[in-house]
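Trainee: The structure that follows is given in the form of C-alpha cells.
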Amino acid sequence: MLVEDTLFGVVDKVQIAVERIKAFEPPDGYFLAFSGGKDSQCIYHLAKEAGVRFDAHFHLTSVDPPEVISFVKAHYPEVILDQPPESMWRLIERKKIPPTRKIRYCCGIYKERGGIGRTVITGVRWDESARRKNTRAMLELNAYSTRKIMLNSDNDEARRLVESCQLKGKHILNPIVDWLTEDVWEYLNGNGIPHCCLYDEGFHRIGCIGCPMSREKGMLREFERWPKYYAAYLRAFDRMLVARRESGLDCSFWPDAHAVMDWWIYGRKKIEWEPEQYEIELLL
C-alpha cells in the first residue's frame, strides 16, 4: 500500500518519493530514463508532482515492441525518442555472437549511452530483483555490496537510493527503489494514468523483443506474439555465421541460423571454440 500505518507513524510512499526527487534535483535538471513501462511511468509522473526540471528519454533499440512505441508517442509526446546507433541485427553480426543473459552487450550500447555527466532518475525497484538480478562487469559503483551491477535499469536487492557511475560521470537516483509492484499499480490506477496494452495481454515485463532476460518461456511467447522479429533474428544469425566464418571462427556447433536460435532460447552450458582448442562457458 502507498499509505501505511506503522509503529513509527503513517508512511506515505508517494510523499517520500516526491521529497527524494526534490532533495536531489540538480541545477540542470534530471535525465529521466523512460521505457514506456509502468515503473518509468511512475517516475515521470512523480517528477511532475515534485515540480522539478527534467528531460525524459526513451532509448530506442530497433527491437522495441511496436505497441510500446505507439503508446509512448500517444501519451508522452514530450519524451525524446533517441535513435539507436545501429540496429540489433547489425550489432549481432558485428559482435559475432548473440547477446545472452550475462553478456548483454546490447544493453550497454542501447540503454547506457544517455545521461553522461547528468543525474539520471530511474524506476529501478528492489521488488523485481529476483527476476532480473545479474552479476556482470561493473559499470556502477556500489559501496554496500561486493556484487557488481552493470546497468542503470537492472534491479537488484543491492541497489541503493542514490548511486554513482564513475565510468560515465553519472549520478543515479532510484526514488521508488522500495516500492512493491502493487504500489506501482496503485499509483497509476489511482491517478487514472493509462498503461501500455501489453500489460493487459499478460506481459509482466515490457522490453526488447527476444531479450534473453525473459528466458525460455518469455522468449517463446514474444516470438509467437511478434513472428516478424523472430524471422529478423534468424536473418541476423545467418549474417553472424558468415561473419564468424570470414573471421576464422569455428561454427561447427552452429550449422545454421536455426541452430543458433535453438541454442539462444533453450541454452547449452558449454561449447568448444576452435581453433583455440579450449572450452568456454557461455554466460547464459
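If you count by the numbering used here, then the sequence shown holds residues 406 to 689, one letter each, in order.
Here a beta-carbon is modelled for each residue, glycine too, at the ideal position from N, C-alpha and C.
1) Applying the criterion that 16 or more other CB atoms from any shown protein chain within 10 Å of the CB defines a buried residue, is F436 buried or exposed?
2) Between the region 601-619 and the region 456-475, are three or more C-beta pairs nearer than 8 Å?
3) Could you pull out every unbroken beta strand (DSSP E) segment of at least 3 residues lying fully inside the region 444-483, listed in chain order?
4) Straight-line CA distance for C511 to M624?
5) Among W590, G595, M493, N596, which residue has its Cα nearest to the Cα of D605?
6) Assuming T524 and P617 make a contact with CB atoms under 8 Å, what is their CB distance in whole Å?
7) State whether the region 632-645 contacts the region 661-670, with contact taken as three or more CB pairs (one from each stretch) at a distance under 8 Å.
8) Under 8 Å by Cβ, that's how I've got G434 and F459 pegged, so tell me the actual separation to the nearest angstrom.
9) Near R530, which residues of its chain fall below 7 Å by C-beta distance, leaving aside the five closest residues on each side in sequence?
10) Less than 8 Å separating the beta-carbons of A461 and F439?
11) The alpha helix (DSSP H) that contains D583, what's its start and end?
12) Along the beta strand (DSSP E) that carries L437, what are the first and last residues, could you check?
13) DSSP on H663, reduced to helix/strand/coil?
14) Give the secondary structure of E498 by DSSP, where H, G and I count as helix, E and B as strand, and everything else as coil.
15) If you draw a straight line from the C-alpha of T411 to the C-alpha of Q420, how long is it?
16) Nearest CA to the CA of E424: which residue from T505, M493, Q446, L578?
17) Just reading off the alpha helix (DSSP H) that G414 is part of, what are its end residues?
18) Hey, would you say F476 sits closer than 8 Å to C601, going by beta carbons?
19) Could you pull out every unbroken beta strand (DSSP E) segment of at least 3 residues lying fully inside the region 574-655, listed in chain order?
20) To the nearest angstrom, how far is the alpha carbon of R620 from that of P503?
21) My output table needs one value for I426: the three-state DSSP class, helix, strand or coil.
22) Using only the alpha-carbon positions, how far apart do K575 and I426 sit?
23) Please state whether DSSP places I526 in a helix, a strand or coil.
Mentor: Result, derived from the coordinates:
1) That one is buried.
2) The region 456-475 and the region 601-619 touch, with three or more beta-carbon pairs separated by less than 8 Å.
3) Taking only runs of at least 3 residues, the beta strand (DSSP E) segments lying wholly in the region 444-483 are 459-464.
4) Their backbone Cα atoms lie some 16 Å apart in a straight line.
5) Comparing alpha-carbon positions, the option among W590, G595, M493, N596 lying closest to D605 turns out to be W590.
6) Contact flag wrong, Cβ pair sits at about 30 Å.
7) Cβ pair count under 8 Å is three or more, so yes.
8) Confirmed, about 5 Å.
9) Result list for R530: D444, N560, I581, V582, W584, in chain order.
10) Against a cut-off of 8 Å, the Cβ pair of F439 and A461 comes out as a contact.
11) Where D583 is concerned, there is no enclosing alpha helix (DSSP H), given that its DSSP letter is neither H nor E.
12) It spans 435-438 - the beta strand (DSSP E) in which L437 sits, taken as one unbroken run.
13) H663 falls in the helix class under three-state DSSP.
14) Note: E498 maps to helix in three-state DSSP.
15) Put simply, the backbone Cα of T411 is about 15 Å away from that of Q420.
16) Ranking T505, M493, Q446, L578 by Cα distance to E424 puts L578 first.
17) It is not in any alpha helix (DSSP H) - G414 instead sits in the beta strand (DSSP E) that spans 414-417.
18) Yes, they are a contact pair.
19) Segments of the beta strand (DSSP E) lying fully in the region 574-655: 575-578.
20) Near 14 Å, if we compare the C-alpha coordinates of P503 and R620.
21) Note: I426 maps to helix in three-state DSSP.
22) Taking C-alpha positions only, K575 is separated from I426 by approximately 16 Å.
23) The DSSP-derived three-state label of I526 is strand.
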